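Asks: Here you go, one structure.
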Amino acid sequence: MQDINNLLIENILPSTVAAKFLNPDRHTDELYARDHDNVCVMFASIPNFKEYWSECDRSRKLECLRLLNEIVCEFDKLLSKPKFSCIEKIKTVASTYMAAAGLNENDTEQADNAVRNAAIMVEFAFSMHAVLEQLNADSFQNFQLRIGLNDW
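Per the working numbering: the sequence shown = residues 1271 to 1422.
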């Protein structure tokens, strides 16, 4: 059971945070927070997915969820490419995808370069758009992608 719990924690938290919480010597009443400089955060949403969902009749809801899952999985696959190694998926809520570049404190070159992190995040955003366009063609949909970036 402990192995399953560890896998869940490692799946939902960034690796450095998961390691902190899985440390057996950690005091359970300790709060954990970190400041990071030169980070670029991206929110990407599919604004017309909600409309698509509401138009699906009850018998097709599972199919709608599978399509959203396929989109998110394709976005996740992009993160396995070496050029996007500085990007970490933070979470997905409904049809909104959140990711950040520059959180890896073990890579000092990455952590100290705001311009590089932002440029890689922009490239990731364009790749997400290309993936969604292909999925639109394959599934006869017209989903749009709205992306916001912020670096600090």
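Just so it is clear, CB atoms sit at the ideal spot from N, CA and C, and this is done for glycine as well. None of these values were measured; they are calculated from a predicted model.
Going by the DSSP bridge assignment, what does asparagine 1374 pair with across the sheet?
Replies: Partner(s): none; asparagine 1374 has no beta bridge.
Asks: Count the other CB atoms, across all protein chains shown, that sit within 10 Å of the CB of cysteine 1343; report buried if there are 16 or more and exposed otherwise.
Replies: Burial call: exposed.
Asks: Following the continuous beta strand (DSSP E) through threonine 1362, name the residue where it begins and the one where it ends.
Replies: 1357-1363 is the span of the beta strand (DSSP E), which, as asked, contains threonine 1362.
Asks: Starting from serine 1315, trace the beta strand (DSSP E) in both directions and tell me its first and last residue.
Replies: Its beta strand (DSSP E) spans residues 1310-1315.
Asks: Helix or strand or just coil, what does DSSP make of methionine 1271?
Replies: Methionine 1271: coil per DSSP, three-state reduction.
Asks: With DSSP as the reference, label aspartate 1421 as helix, strand or coil.
Replies: Three-state result, aspartate 1421: strand.
Asks: With 16 other CB atoms within 10 Å as the buried threshold, where does isoleucine 1316 fall?
Replies: With 16 or more Cβ atoms within 10 Å of its Cβ, isoleucine 1316 is classed as buried.
Asks: Taking the straight line between their C-alpha atoms, what separation do you get for arginine 1304 and alanine 1289?
Replies: Distance between the alpha carbons of arginine 1304 and alanine 1289 is about 14 Å.
Asks: I need the straight-line Cα distance from serine 1350 to phenylalanine 1319, nearest angstrom please.
Replies: Going from the Cα of serine 1350 to the Cα of phenylalanine 1319 covers about 25 Å.
Asks: Following the continuous alpha helix (DSSP H) through glutamine 1414, name the residue where it begins and the one where it ends.
Replies: No alpha helix (DSSP H) holds glutamine 1414; DSSP gives it neither H nor E.
Asks: By how many angstroms is the C-alpha of aspartate 1408 removed from the C-alpha of isoleucine 1338?
Replies: It should be pointed out that residue 1338 corresponds to leucine in this sequence rather than to isoleucine. One C-alpha to the other measures close to 13 Å.
Asks: Which residue's Cα is closest to the Cα of valine 1309: Met1398, Ala1370, Asn1406 and Phe1410?
Replies: Nearest C-alpha to valine 1309: Ala1370.
Asks: Kindly indicate which residue of Glu1358, Ser1365 and Ile1390 has the alpha-carbon position closest to the one of glutamate 1321.
Replies: When only C-alpha atoms are compared, the closest one is Ser1365.
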